[in-house]
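Counted the way my numbering counts, the sequence shown spans residues 316 to 594. Ideal placement from N, C-alpha and C gives every residue a C-beta, glycine not left out.
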Amino acid sequence: MSRNQDSKGKGKTSGVGNAKGKSKGFARGNAPFKKKSQPKKPSNPDEIRLNKYIANSGMCSRREADENIAIGLVTVNGKVITEMGYKVKRTDEVRFDGQRITPEAKVYVLLNKPKGFATTTAEGKGRTVMDLVANATSANIKPIGRLGRNSLGLLLFTNDDEVVQKFTNSKNGVARVFQVELDKNLKFEDLKKIQEGFKIDGKLVAVEEISYIEGESKNKVGVKIKNTGNTILRTIFETLKYDLVKIDCVAIGHLTKKDIPRGHWKHLTIQEINTLKML
């Protein structure tokens, strides 16, 4: 029996022949295993690499940030981090060589607040000052101190914790000047009393300066204080039986309302920022 005849009884090979000269193929079930690519783990939008966080703060470049991380100059929530690629949340407290930083450049916005806007970052409070500065920057800025909904004048916004601490320091603080309109003329003896300081509920209340406004009636006075809110003004005058008709913050340190119409804002210049930090 010839070899060809012998092959007839054994049937044909499967459609993917193994004869020489024919194209290679694999029968079903015999194909080599193709490793599936693992899906990439989605990145958490709330997290950011530590070196990028530092670079975004303006402290140094990402490469320099890696070097400083490696030598232990960076802490996250009080813990020294030396791991490359470490990720942090924007809510974490990150310190670079002891100084707290934020993952964005420092921004300083000065608003001339109109009436009818609440000084708050909370939602559901109607119109707020955050609505007025919404287009100023994408940085997470917040107002320093407060102006009542119906109070007017200057309000400073920033994401610079160092400047915020400077304003809120109970011993030093930053002086603000208010023009106050009362429902009646302020008696000279009451002006002197405020100037010298007096106690309300056992606590001494004092202002930096107080005076009548030149060329105006005696119901309009200028008051210089270092308190970050204007509640103290209401406390002082209402204790002395005066109603406040108008409160207008006309200066914060060296900053004034010049060239800022009511309801508008501006970014501080480099010179203004440097002076602010030296106050």
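Residue i - DSSP class collapsed to helix/strand/coil
i, result
"Arg-442", "coil"
"Ile-540", "strand"
"Thr-436", "coil"
"Leu-447", "helix"
"Asp-475", "coil"
"Thr-267", "Because the chain is modelled from 316 through 594, residue 267 falls outside the range shown and cannot be assessed."
"Asp-381", "helix"
"Thr-390", "strand"
"Glu-524", "strand"
"Leu-594", "coil"
"Arg-405", "coil"
"Asp-505", "helix"
"Asn-427", "strand"
"Leu-266", "With the chain running from 316 to 594 in the structure shown, residue 266 is simply not present."
"Leu-462", "coil"
"Ile-456", "coil"
"Thr-571", "strand"
"Lys-533", "coil"
Nearest to residue i (by Cα), restricted to the options the options
i, options, result
"Val-489", "Gly-400, Gly-578, Leu-570 and Ile-384", "Leu-570"
"Gly-393", "Arg-577, Leu-555 and Gln-414", "Gln-414"
"Asn-465", "Glu-511, Lys-428 and Lys-440", "Lys-428"
"Phe-493", "Glu-524, Arg-405, Lys-581 and Glu-477", "Glu-524"
"Lys-499", "Val-444, Gly-578, Ser-532 and Lys-367", "Ser-532"
"Asp-475", "Ser-526, Trp-580, Met-374 and Gln-510", "Met-374"
"Lys-471", "Gly-439, Leu-548, Asp-574 and Arg-491", "Here the sequence assigns Leu to residue 471, which means Lys is not the residue at that position. Of the listed residues, the one whose Cα sits closest to Leu-471 is Arg-491."
"Pro-360", "Asn-487, Arg-377, Thr-406 and Ser-526", "Thr-406"
"Arg-364", "Asn-383, Met-399 and Glu-382", "Met-399"
"Asn-455", "Asn-487, Gly-441 and Thr-436", "Thr-436"
"Gly-386", "Leu-548, Arg-378 and Thr-397", "Just to set this straight, residue 386 is Ile in the shown sequence, not Gly. Measuring from the Cα of Ile-386, the nearest candidate turns out to be Thr-397."
"Lys-514", "Phe-503, Gly-439 and Ile-547", "Ile-547"
"Thr-554", "Lys-508, Glu-587 and Gly-439", "Lys-508"
"Leu-594", "Asn-487, Arg-377, Ser-453 and Thr-584", "Asn-487"
"Lys-561", "Glu-511, Leu-467, Lys-481 and Arg-442", "Leu-467"
"Leu-583", "Ala-451, Ser-376 and Gly-439", "Ala-451"
Buried or exposed (CB count within 10 angstroms, at least 16 for buried), residue i
i, result
"Leu-519", "exposed"
"Ser-372", "buried"
"Asp-563", "buried"
"Ser-338", "A caution first: Ser-338 carries a pLDDT of 49, below 50, which makes its placement in the model too unreliable to give a value."
"Ile-540", "buried"
"Asp-412", "exposed"
"Asp-505", "buried"
"Ile-460", "Residue identity check: residue 460 is Gly in the sequence provided, not Ile. Flag for Gly-460 reads buried."
"Ala-420", "exposed"
"Arg-577", "exposed"
"Val-522", "buried"
"Asp-574", "exposed"
"Val-444", "buried"
"Ala-449", "exposed"
"Phe-503", "exposed"
Rounded Cβ spacing between residue i and residue j (contact assumed at less than 8 Å)
i, j, result
"Leu-462", "Asn-545", "6 Å"
"Thr-595", "Pro-458", "With the chain represented from 316 up to 594, any question about residue 595 goes unanswered, as that position is not in the structure."
"Leu-497", "Asp-446", "In fact, because the Cβ distance is near 30 Å, the residues do not count as touching under 8 Å."
"Thr-473", "Val-422", "6 Å"
"Val-389", "Val-409", "7 Å"
"Leu-469", "Ile-567", "5 Å"
"Val-403", "Glu-362", "7 Å"
"Leu-425", "Lys-535", "In fact, because the Cβ distance is near 24 Å, the residues do not count as touching under 8 Å."
"Ile-384", "Ile-416", "Rounded, the Cβ-Cβ distance is 13 Å, inconsistent with contact."
"Val-478", "Lys-367", "With a Cβ gap of about 24 Å, Val-478 and Lys-367 do not count as contacting."
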